[in-house]
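Chemist: Mapping to my numbering: the sequence shown position 150 is 148, numbers consecutive.
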Amino acid sequence: MKITVILLAVLIVLAVLYIRLAPSDPARWHIDIADPAFEPDPNWAVFCPPSDSRYGLATDLAAIEAQAMNWPRTKRLAGSVQEGRITWITRSAVFGFPDYTTAALREDNGQMLLCIVARQRFGKLDGGVNARRIQAWVQSAYGLNEVPDLIWHTASP
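Set out below in structure tokens:
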């Protein structure tokens, strides 16, 4: 019994270390959400409103970058404002689970839309932390009084 408990504890520690120390490959996580063919996974938190929505004119990628770089435990993984696409990695406070957030400008009927996609690396459910992070970034970046709706607008070809 004692050996089983020790082995279980060692396995848990190894799993946590793997999650915390696993490298983040920019080629895998810096996805091109501006591609018209891109469709997000249903488990991801997304913000990409149509141009005729009340958030349609929110296209300042630099404002989102400023929010991200001031967010706890967040650093840029790849991209830049000049590139028009940025991916950040945000780690959870206790175990350091990585979540990835990508923001880019996406064309729709001749207008540019700010789109943001956040997803977790491990598991399918995140308890809503990715959605709350996107909403907080957008709300703060644009000085909104309300929490923005999360929506994915499929860009027109």
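We treat Cβ as the ideally placed atom computed from N, Cα and C, and that holds for glycine. Nothing here was measured: the structure is a model prediction, and the numbers come from that model.
Here's the rule: buried if 16 or more other CB atoms are within 10 angstroms of the residue's CB, otherwise exposed. What is N68?
Modeler: By the neighbour-count rule (16 or more Cβ atoms within 10 Å), N68 is not buried but exposed.
Chemist: Look up R74 in the DSSP assignment and say whether it is helix, strand or coil.
Modeler: In this structure, R74 counts as strand in the three-state DSSP scheme.
Chemist: Just the Cα atoms here: how many angstroms apart are D97 and Q80?
Modeler: Those two C-alpha atoms are separated by around 23 Å.
Chemist: Using DSSP's beta-bridge definition, name the partner residues of W86.
Modeler: R74 and T99.
Chemist: Return yes when the Cβ of A91 is within less than 8 Å of the Cβ of R71, no when it is not.
Modeler: Yes, they are a contact pair.
Chemist: Rounded to whole angstroms, what's the CA-CA distance from A32 to K0? Just pull it up for me.
Modeler: If you take the alpha carbons of A32 and K0, they lie about 54 Å apart.
Chemist: Taking I132 as the reference, give the member of D106, N143 and A101 with the closest Cα.
Modeler: Looking at the Cα atoms, A101 is the closest of the given residues.
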